[in-house]
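Residue numbers (the numbering used here): 15 to 289. Shown next, in structure tokens, is the structure this report addresses.
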């Protein structure tokens, strides 16, 4: 393995932290983050070109109504049924209230990704690079050459906000608390598994699974009861899908990792040490 600078043949996003990034084929979809107290609602797409360490940053036009900006949220790639497009499901995070104060969010926002058969001249610039970045081996020196790319960088892709849902006020529904600094991954038949985070000064230790309906028209939450030895309250940790299991590590859990499995329709958890 070897690290190398990723030369961008376009203007990159501004500096930010606590944003999310989701990989979809040769693209990385970046959303949100915070910068100077602002909660960003920008969506950027990084086209990673084949071959050398080079790329193109794109600020695509979006359809639909965007959710409010946020940071410290989760974002996972899901598929809305076999006949539908992939989507990025975003949950929670830190936002701003009407007075500009930070607050934890509990909504679900869905950004749909769908392939299009052709692009017109106005959209063509979104999928083309007019400069080529070259990285000189050994020195990592970056030079730019003028180039016109006649074909799209991979399959043309359009993005639109299609759905946003929050817990109904005053209703007895299963919906997780507002939170930030939690972790999520896609597992168990395209369910989004969410664990922990913070709600104000409260450190959370709850497990939730969110699933989209066919076509992504609605979301459904469940809080499964797990056997085994569950992890303690945690924030700032990671949650990764490994086959049919989820691995939770880091955060306030210190040196212990936990494995969550779904065998025979039952939730099962076990702890494992990283030492």
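We put the beta carbon where it would ideally sit given N, CA and C, even for glycine.
Residues that residue i bridges to, as DSSP identifies them
| i | result |
| --- | --- |
| residue 252 | 263 |
| residue 4 | The structure shown does not extend to residue 4, since the chain is modelled only from 15 to 289, so the question has no answer here. |
Residue j beta carbon less than 8 Å from that of residue i
| i | j | result |
| --- | --- | --- |
| residue 211 | residue 195 | yes |
| residue 33 | residue 51 | no |
| residue 76 | residue 60 | no |
| residue 231 | residue 105 | no |
| residue 84 | residue 114 | no |
Coil, strand or helix - residue i by DSSP
| i | result |
| --- | --- |
| residue 216 | strand |
| residue 186 | coil |
| residue 228 | helix |
| residue 104 | strand |
| residue 80 | coil |
| residue 205 | strand |
| residue 275 | strand |
| residue 221 | strand |
Alpha carbon of residue i to alpha carbon of residue j, nearest angstrom
| i | j | result |
| --- | --- | --- |
| residue 186 | residue 192 | 16 Å |
| residue 17 | residue 112 | 43 Å |
| residue 109 | residue 90 | 19 Å |
| residue 99 | residue 173 | 10 Å |
| residue 19 | residue 69 | 10 Å |
| residue 225 | residue 93 | 10 Å |
| residue 217 | residue 42 | 30 Å |
| residue 261 | residue 250 | 14 Å |
| residue 22 | residue 58 | 13 Å |
| residue 270 | residue 264 | 8 Å |
| residue 239 | residue 64 | 45 Å |
| residue 134 | residue 241 | Low local confidence applies: a pLDDT of 39 at residue 134 is under 50, so the model's placement there is unreliable, with the coordinate-based value given in what follows. For residue 134 and residue 241, the distance between alpha carbons rounds to 54 Å. |
| residue 256 | residue 181 | 30 Å |
| residue 254 | residue 38 | 16 Å |
For residue i, the nearest candidate out of the options (CA to CA)
| i | options | result |
| --- | --- | --- |
| residue 246 | 219, 235, 199 | 219 |
| residue 273 | 266, 243, 265 | 243 |
| residue 79 | 181, 238, 124, 251 | 124 |
| residue 236 | 207, 114, 92 | 207 |
| residue 88 | 115, 223, 40, 62 | 223 |
| residue 102 | 265, 183, 175 | 175 |
| residue 73 | 27, 221, 81 | 27 |
| residue 178 | 121, 214, 204 | 121 |
| residue 25 | 53, 63, 71 | 71 |
| residue 35 | 56, 256, 214 | 56 |
| residue 53 | 63, 118, 64, 40 | 118 |
| residue 267 | 221, 248, 257 | 248 |
| residue 258 | 128, 204, 227 | 204 |
| residue 213 | 252, 227, 190, 228 | 190 |
| residue 221 | 188, 37, 215 | 188 |
| residue 252 | 29, 62, 86, 82 | 86 |
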